[in-house]
């Protein structure tokens with residue numbers, strides 16, 4: 140694999156551009172109290188949940204309250220050729236928010252309004268600072284819901300920018316399938332719209348799809364229209380423990396291949412179960428688990444559940460337990476979403492290097508089992524969770540951020556895992572995005588020709604390379 144040494148992988152190249160005093164003065168004059176150069180504010184906006192070594196924070200933070208605010212800030216940045224980094228809740232795991240070339244951060248959390256709900260069309264338009272939980276709270280009276288649910292309570296803007304997904308992807312898809320239209324501020328500070336609320340269109344280039352997953356490198360997303368779905372008439376959830384990871388994965392593969400429309404199916408290894416038990420006081424059996432959810436009519440849900448229970452039993456699954464009330468289901472899924480934080484708490488002072496590979500489901504068992512064998516042999520503490528219904532899984536290697544040997548060991552495991560996933564027809568990232576951490580993996584996955592095409596697009600839309608520079612690929 141064409142990649143740097145493992146230890147160097149978490150020490151990104153830092154090439155700070157000059158931020159002129161005249162620029163900062165102009166920014167202050169335009170935004171007044173909504174522009175901060177206080178160190179504590181800048182440091183808050185200069186880090187995320189990644190395990191990267193320290194990078195100097197941005198020179199200033201602008202708290203945008205409208206699309207025009209964003210446009211004005213970007214116009215000033217374009218005039219002075221100062222980098223721009225959009226900021227939501229800061230839950231990125233790949234270094235997207237780090238100011239490796241300096242510049243300013245535009246905090247979008249005050250742009251947190253649900254602009255319009257179109258229940259008949261099953262769509263909603265929101266500002267980028269609306270979080271997924273906030274959105275579902277505001278639309279619950281309509282009988283609709285937004286299904287994309289990454290582990291963090293991320294913003295819709297950030298989820299769009301990283302092409303996020305979550306536990307519901309096996310049935311409802313990812314942000315790629317669920318974003319219909321956008322408002323975007325370009326590198327020149329112009330405000331454009333992409334897409335419409337129509338369910339389909341063949342009008343010109345698909346700029347919406349281009350912006351979804353662009354990680355702030357092509358523009359700042361200031362409004363998003365997404366699909367909604369009817370709340371299912373019936374919902375049922377269950378937990379089943381298995382004698383091995385392989386048995387659990389084989390159950391999922393057979394379920395998918397039989398066409399069972401399962402809404403969620405999550406794999407949690409024995410390490411993650413132990414950590415979640417300690418964190419959330421759940422008392423689950425400390426064996427590999429599948430956490431499943433079924434949506435549909437009462438009869439449909441019953442049929443799905445019976446089919447999956449039969450498959451699981453044939454694979455050695457036992458202790459099939461049902462979560463029959465909304466409170467029980469919420470408790471279980473909250474515990475799953477908190478697996479990362481439970482792991483961090485299990486080893487005070489540690490950081491987690493999180494993987495994000497995704498492979499064709501037919502290759503999932505082979506990829507997982509070989510990777511588990513390698514990781515066990517390393518002696519490094521870890522946990523494993525996965526949206527195994529679509530072949531996506533995450534190892535979390537728990538490392539001491541001050542221990543170069545542990546960092547190198549974790550990065551070495553990550554390199555081997557990604558190499559294996561690519562050989563099996565998979566990808567280096569299923570939902571976290573590239574950011575800084577996976578730039579070399581992207582080059583290996585796509586080849587230089589594809590990277591050159593991406594660079595051509597970037598140069599055309601951002602000729603001065605001010606939009607979140609240093610991310611996805613090097614210019």
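Numbering (my numbering), first residue to last: 140 to 614.
Built from N, CA and C at the ideal position, the CB exists for glycine as well.
* Asked: Between the C-alpha atoms of residue 225 and residue 424, what's the straight-line distance to the nearest angstrom?
  -> Translated into positions along the chain shown, residue 225 becomes position 86. Translated into positions along the chain shown, residue 424 becomes position 285. Between residue 225 and residue 424, the C-alpha separation is close to 42 Å.
* Nearest CA to the CA of residue 498: which residue from 590, 532, 193 and 469? -> By one-based count along the chain shown, residue 498 stands at place 359. Closest by alpha carbon: 532.
* Can you tell me whether DSSP reads residue 366 as helix, strand or coil? -> As a first step, residue 366 must be located in the chain shown, where it is residue number 227. It is a strand residue.
* residue 333 - partner residues in DSSP beta bridges -> Mapped onto the chain shown, residue 333 falls at position 194. Residue 333 pairs with 321.
* Asked: Rounded to a whole number of angstroms, what is the C-alpha to C-alpha distance between residue 200 and residue 245?
  -> Taking the first residue of the chain shown as 1, we reach residue 200 at position 61. Taking the first residue of the chain shown as 1, we reach residue 245 at position 106. Distance between the alpha carbons of residue 200 and residue 245 is about 6 Å.
* Asked: For residue 181, which residues from the same chain have a beta carbon less than 8 Å from its beta carbon, with the 5 sequence-adjacent residues on both sides left out?
  -> Here residue 181 is taken as the residue at index 42 of the chain shown, counted from 1. So the qualifying residues of the chain are 175, 196, 197, 198, 199, 200 and 244.
* Asked: Of all the options 456, 597, 389 and 328, which has the alpha carbon lying nearest to the alpha carbon of residue 214?
  -> As a position in the chain shown, residue 214 is number 75, starting the count at 1. Comparing Cα-Cα distances from residue 214 to each of 456, 597, 389 and 328, the minimum goes to 328.
* Assuming residue 299 and residue 360 form a contact by the criterion Cβ under 8 Å, report the distance between their Cβ atoms to the nearest whole angstrom. => Position 160 of the chain shown, counted from the first residue, corresponds to residue 299. Position 221 of the chain shown, counted from the first residue, corresponds to residue 360. 6 Å between Cβ atoms; contact.
* To do: Verify whether the separation of the beta carbon atoms of residue 427 and residue 387 is less than 8 Å.
  => Your numbering for residue 427 matches position 288 in the chain shown. Your numbering for residue 387 matches position 248 in the chain shown. Cβ atoms of residue 427 and residue 387: closer than 8 Å.
* Nonlocal neighbours in the same chain, by C-beta distance under 8 Å from residue 419, ignoring five residues either side -> Residue numbering aside, residue 419 sits at position 280 when the chain shown is read from its first letter. Here the set comprises 470, 473, 474, 477 and 481.
* Excluding five sequence neighbours on each side, which residues of the same chain lie with their C-beta closer than 6 Å to the C-beta of residue 313? -> For the purposes of this step, residue 313 is taken as the residue at position 174 of the chain shown. Closer than 6 Å at Cβ, skipping near neighbours: 304.
* Going along the chain, which unbroken runs of the beta strand (DSSP E) with 3 or more residues stay wholly within the segment 191-215? -> 199-202
* Within its chain, find whatever has a CB closer than 7 Å to the CB of residue 450; leave out the 5 residues flanking it on each side and keep chain order. => Numbered from its first residue, the chain shown carries residue 450 at position 311. The answer, listed in chain order, is 390, 393 and 394.
* For residue 435, the first and last residue of its enclosing beta strand (DSSP E) -> In the chain shown, residue 435 corresponds to position 296, counting from 1. Note, residue 435: beta strand (DSSP E), 428-435.
* Rounded straight-line distance, which links the Cα of residue 382 to that of residue 458 -> One-based indexing of the chain shown puts residue 458 at position 319. One-based indexing of the chain shown puts residue 382 at position 243. Approximately 11 Å, taken between the alpha carbons.
* Answer yes if the segment 511-526 comes into contact with the segment 593-606, meaning at least three C-beta pairs across the two stretches below 8 Å, and no otherwise. => no
* So residue 379 is in the beta strand (DSSP E); what residue range does that whole segment cover? -> As a working note, residue 379 is residue 240 in the chain shown. Here the beta strand (DSSP E) through residue 379 covers 373-380.
* residue 551 to residue 514 span [Cα, whole Å] -> As a position in the chain shown, residue 551 is number 412, starting the count at 1. As a position in the chain shown, residue 514 is number 375, starting the count at 1. Approximately 10 Å between the Cα atoms of the pair.
* So the alpha helix (DSSP H) residue 479 belongs to, where does it begin and stop? -> In the chain shown, counting from the first residue as 1, residue 479 sits at position 340. That run of the alpha helix (DSSP H) goes 478-485.
* Mapping DSSP to helix, strand and coil, what is residue 414? -> For this step, residue 414 is matched to residue 275 along the chain shown. Of the three classes helix, strand and coil, the one that applies to residue 414 here is helix, per DSSP.
* C-alpha gap between residue 242 and residue 320, whole angstroms -> Translated into positions along the chain shown, residue 242 becomes position 103. Translated into positions along the chain shown, residue 320 becomes position 181. Residue 242 and residue 320: Cα-Cα distance of roughly 28 Å.
* residue 458 by DSSP, collapsed to three states: which one? -> The count along the chain shown starts at 1 and reaches residue 458 at position 319. In this structure, residue 458 counts as strand in the three-state DSSP scheme.
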